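Under UniProt numbering, the first residue of the sequence shown is numbered 1, with each subsequent residue one higher.
In this text, a Cβ means the ideal position worked out from N, Cα and C, and glycines have one as well.
These numbers come from a predicted model, not from an experiment.
To start, the structure itself, in structure tokens.
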Amino acid sequence: MKSEQIRWPRLADYLAEKGIEWKFIPPSAPHFGGFWKAAVRSFKFHLKRAVGTQHVTYEKLNTLIIGVEAVLNSCPLEPVTSDPDELCVLTPRSKSTGMSLLT
């Protein structure tokens, strides 16, 4: 979709109605996006490792992307405890859905 086709006032009204706020990284402060850069780097690493040098179809690429997403969303956000009775680990998926990807 081209920028000219987007109805910006209508989009702004819709986002405001839903309570969605745009927050941009300041142009003179690229270090603000360090977390996002690291996430993209991790995604690219895992995807390149899975694909390698083979040519893949759209369906296989879609499946690989979903798999990489699942791997990254199951990584712990905090150090894992050494307590054997503590089985819960805080991950991006458990934080957003309240459940583990592996259960």
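Asked                                                                                      : Found
Start-to-end residues for the alpha helix (DSSP H) that takes in ILE66                     : 58 to 73
Span of the alpha helix (DSSP H), counted from its first residue to its last, around ASP83 : Counting along the chain, ASP83 falls outside any alpha helix (DSSP H), and DSSP gives it neither H nor E.
Cβ-Cβ separation, PRO26 to PHE32 (assumed contact under 8 Å), whole Å                      : 7 Å
Integer-rounded CB distance, given that SER74 should sit under 8 Å from THR63              : 17 Å between Cβ atoms; not a contact.
Alpha helix (DSSP H) segment containing HIS31, residue limits                              : Counting along the chain, HIS31 falls outside any alpha helix (DSSP H), and DSSP gives it neither H nor E.
Within 8 Å, strictly: CB atoms of VAL68 and ALA50                                          : yes
DSSP three-state assignment for LYS44, whether helix, strand or coil                       : helix
Residue interval of the alpha helix (DSSP H) (run including LYS18)                         : 8 to 18
DSSP three-state assignment for VAL89, whether helix, strand or coil                       : coil
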